[in-house]
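J.:
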Amino acid sequence: MLPLESVPNFSEGRDRRTIDAIAGALAEHARLLDVHSDPDHNRSVYTLVGEETQLIDALTAAIGVAVERIDLRRHEGAHPRIGATDVVPIVPIRPGDLPRARAAAEVLGARVGEELQLPVFLYTPPDRGPAHYRRGGVEGLRDRLAAGEVKPDYGPPALHESAGGVMIGARLPLIAFNVNLRGPIDTARAIAQVVRERGGGFPGVRALGLDLPRAGVVQVSMNVEDWEAAALHDIVARIAAEADARGAEVLGSELVGLMPAGAAAAAAGSALHIDGFDESRVLELRLIDE
Numbered sequence: 338m339l340p341l342e343s344v345p346n347f348s349e350g351r352d353r354r355t356i357d358a359i360a361g362a363l364a365e366h367a368r369l370l371d372v373h374s375d376p377d378h379n380r381s382v383y384t385l386v387g388e389e390t391q392l393i394d395a396l397t398a399a400i401g402v403a404v405e406r407i408d409l410r411r412h413e414g415a416h417p418r419i420g421a422t423d424v425v426p427i428v429p430i431r432p433g434d435l436p437r438a439r440a441a442a443e444v445l446g447a448r449v450g451e452e453l454q455l456p457v458f459l460y461t462p463p464d465r466g467p468a469h470y471r472r473g474g475v476e477g478l479r480d481r482l483a484a485g486e487v488k489p490d491y492g493p494p495a496l497h498e499s500a501g502g503v504m505i506g507a508r509l510p511l512i513a514f515n516v517n518l519r520g521p522i523d524t525a526r527a528i529a530q531v532v533r534e535r536g537g538g539f540p541g542v543r544a545l546g547l548d549l550p551r552a553g554v555v556q557v558s559m560n561v562e563d564w565e566a567a568a569l570h571d572i573v574a575r576i577a578a579e580a581d582a583r584g585a586e587v588l589g590s591e592l593v594g595l596m597p598a599g600a601a602a603a604a605a606g607s608a609l610h611i612d613g614f615d616e617s618r619v620l621e622l623r624l625i626d627e
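Note that my numbering has the sequence shown beginning at 338, numbered continuously upward.
(1) VAL475 lies in the alpha helix (DSSP H); which residues open and close that run?
(2) Tell me, please, which residues DSSP counts as bridged to TYR383.
(3) For ASP423, report the span of its beta strand (DSSP E) as first-last.
(4) Check whether the region 351-366 and the region 401-414 are in contact - that is, three or more C-beta pairs closer than 8 Å.
(5) Does the distance from the CB of ALA527 to the CB of LEU545 come in under 7 Å?
(6) Taking the alpha carbon of GLU562 as the point to measure from, which residue in GLY466, ALA441, SER374 has its own alpha carbon closest?
(7) Short of 7 Å in beta carbon distance, which residues of its chain neighbour ALA399, apart from the five on each side in sequence? Order them along the chain.
(8) Restricting to Cα atoms, I'd like to know which of ILE419, LEU609, GLU413 is closest to GLY656.
(9) To which residues does DSSP link HIS497 through a beta bridge?
(10) Should the region 449-457 be called in touch with the region 494-501, which here means at least 3 C-beta pairs below 8 Å?
(11) In the DSSP assignment, what residue or residues form a beta bridge with VAL516?
(12) Please state whether the Cβ-Cβ distance between PRO417 and ARG471 is less than 7 Å.
(13) Could you pull the DSSP bridge partners for LEU459 from this structure?
(14) Could you say which of ALA468, VAL487, ILE576, GLU443 lies nearest to SER590 if we only look at CA atoms?
(15) Could you have a look at GLU452 and say whether DSSP puts it in helix, strand or coil?
(16) Taking just the CA atoms, how far does TRP564 sit from ARG439?
(17) With DSSP run on the structure shown, which of helix, strand or coil describes GLY537?
(18) Assign VAL402 to one of three DSSP states: helix, strand, or coil.
(19) What residue range does the alpha helix (DSSP H) around ARG471 cover?
(20) Do you know how far the Cα of HIS570 is from the Cα of SER607?
(21) Specify, as a first and last residue, the run of the alpha helix (DSSP H) that GLY546 falls within.
(22) Excluding five sequence neighbours on each side, which residues of the same chain lie with their C-beta closer than 6 Å to the C-beta of GLN391?
(23) Got a sec, what are the start and stop residues for the beta strand (DSSP E) LEU341 sits in?
(24) Tell me whether the beta-carbon of ALA585 lies closer than 7 Å to the beta-carbon of GLY520.
(25) With a threshold of 8 Å on Cβ separation, who are the neighbours of GLU443 within its own chain once the five nearest residues in sequence on each side are excluded?
(26) Quick check: what's the CA-CA separation for LEU435 versus GLY599?
(27) Which word fits LEU624, buried or exposed, when buried means at least 16 other C-beta atoms lie within 10 angstroms of its C-beta?
(28) I need the straight-line Cα distance from GLU486 to ARG479, nearest angstrom please.
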């Protein structure tokens, strides 16, 4: 049986001591594969794998560290958020294990709500994905809770004073992928509107245009939720064309965390003009499957 993956997002990308403390809590219980921190987003994304109990113990410990060390009342960053620990997805490596991931998310949510006294929102994409809860930010969510528009699935009925709330859920693998541009923020926002699914762009693509002053760039920040329906190389080509039409320049792209091998194989096949190239033609993947 394959392990499950988790890709928790914490609202700290500048304080190395806090970033390392969260990493240490995760690594004590599960296998930590990657840490991606960004000071403009003021956010760190961790990738870890393990059996259900290992993941639940690791994530509970790390969320506890975030409660102790991250105060949203003093937080500034480009990325939307509702909590010191913003979102915690449990991800099956094989789609058939999605029920395992959902069960693990429920157990984790109950533990976090009871042991850490955080309001936990079990998100269910696409209708009640993270964007549903982030609308209006922390203050907006606080008002919606008071009005009874939304309510936590576990934990107290109101947001934690300094740590906010946390979204926990199960989802299939996605690719967090950003494209950096030289140009005005309005251009990044316009291009994000063009490529996102809601604007008539690529299926399963969520996109924001963000200003990253520390890096000196603007960014089209994306979650590619269905990489088979929306290939990365096609998305990048569209962004480059839209940027060129608006007098902006693509400076480069950024992968946040890890990506499925099939997506990398598809991009490589396109770049090399190999017809029918996919993950079945990658030696190591064939050996793993066998």
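Virtual Cβ for every residue (Gly too), placed ideally from N, Cα, C. Small disclaimer: the values here were computed from a predicted structure and weren't measured.
T.: Reading off the structure:
(1) In the sequence shown, the residue the question calls residue 475 occupies position 138. From DSSP, the alpha helix (DSSP H) with VAL475 extends over 474-484.
(2) As a first step, residue 383 must be located in the sequence shown, where it is residue number 46. According to DSSP, which records beta bridges pairwise, TYR383 is partnered with VAL372.
(3) If you number the sequence shown from 1, residue 423 lands on position 86. Unbroken beta strand (DSSP E) run through ASP423: 422-429.
(4) yes
(5) Looking up residue 527 in the sequence shown gives position 190. Looking up residue 545 in the sequence shown gives position 208. Contact flag unset, no.
(6) Indexing the sequence shown from 1 puts residue 562 at position 225. For the residues GLY466, ALA441, SER374, the minimum Cα distance to GLU562 belongs to GLY466.
(7) Translated into positions along the sequence shown, residue 399 becomes position 62. Taken in chain order, the residues that qualify are PRO345, ILE359, ALA362, LEU363.
(8) As shown, the chain starts at 338 and ends at 627. That puts residue 656 outside it, with no answer to give.
(9) Against the sequence shown, residue 497 aligns to sequence position 160. In the DSSP output, where bridge partners are listed per residue, HIS497 has GLY501.
(10) yes
(11) In the sequence shown, the residue the question calls residue 516 occupies position 179. In the DSSP output, where bridge partners are listed per residue, VAL516 has VAL557, SER590.
(12) Looking up residue 417 in the sequence shown gives position 80. Looking up residue 471 in the sequence shown gives position 134. A contact, by the Cβ cut-off of 7 Å.
(13) Here residue 459 refers to the residue found at position 122 of the sequence shown. In the DSSP output, where bridge partners are listed per residue, LEU459 has ILE505.
(14) Stepping through the sequence shown from its first residue, residue 590 is reached at position 253. Ranking the options by Cα distance to SER590, first place goes to ILE576.
(15) What you label residue 452 is simply residue 115 of the sequence shown in a count that begins at 1. In the structure shown, GLU452 sits in a helix (DSSP, three-state: H, G or I).
(16) On the sequence shown, position 102 is the one that residue 439 refers to. On the sequence shown, position 227 is the one that residue 564 refers to. Using only the alpha carbons, I get a separation of about 21 Å.
(17) Stepping through the sequence shown from its first residue, residue 537 is reached at position 200. Looking at GLY537 - three-state DSSP - the assignment turns out to be coil, as it is neither helix nor strand.
(18) Your numbering for residue 402 matches position 65 in the sequence shown. In the structure shown, VAL402 sits in a helix (DSSP, three-state: H, G or I).
(19) What you label residue 471 is simply residue 134 of the sequence shown in a count that begins at 1. Where ARG471 is concerned, the enclosing alpha helix (DSSP H) stretches over 467-471.
(20) Numbered from its first residue, the sequence shown carries residue 607 at position 270. Numbered from its first residue, the sequence shown carries residue 570 at position 233. Going from the Cα of SER607 to the Cα of HIS570 covers about 8 Å.
(21) Walking along the sequence shown from the start, residue 546 turns up at place 209. Unbroken run through GLY546 is the beta strand (DSSP E), 542-549; no alpha helix (DSSP H).
(22) Taking the sequence shown and counting its residues from 1, the one referred to as residue 391 is at position 54. Cβ within range, chain order: HIS366, ALA367.
(23) Residue numbering aside, residue 341 sits at position 4 when the sequence shown is read from its first letter. LEU341 -> beta strand (DSSP E) spans 341-343.
(24) Translated into positions along the sequence shown, residue 585 becomes position 248. Translated into positions along the sequence shown, residue 520 becomes position 183. Yes. Within cutoff.
(25) Within the sequence shown, the letter at position 106 stands for residue 443. Answer for GLU443: LEU459, listed in chain order.
(26) The residue given as residue 435 occupies position 98 in the sequence shown. The residue given as residue 599 occupies position 262 in the sequence shown. Cα to Cα, the separation comes out at about 19 Å.
(27) In the sequence shown, the residue the question calls residue 624 occupies position 287. Exposed, since its Cβ has fewer than 16 Cβ neighbours within 10 Å.
(28) Counting from 1 along the sequence shown, the entry for residue 486 is found at position 149. Counting from 1 along the sequence shown, the entry for residue 479 is found at position 142. Distance between the alpha carbons of GLU486 and ARG479: 10 Å.
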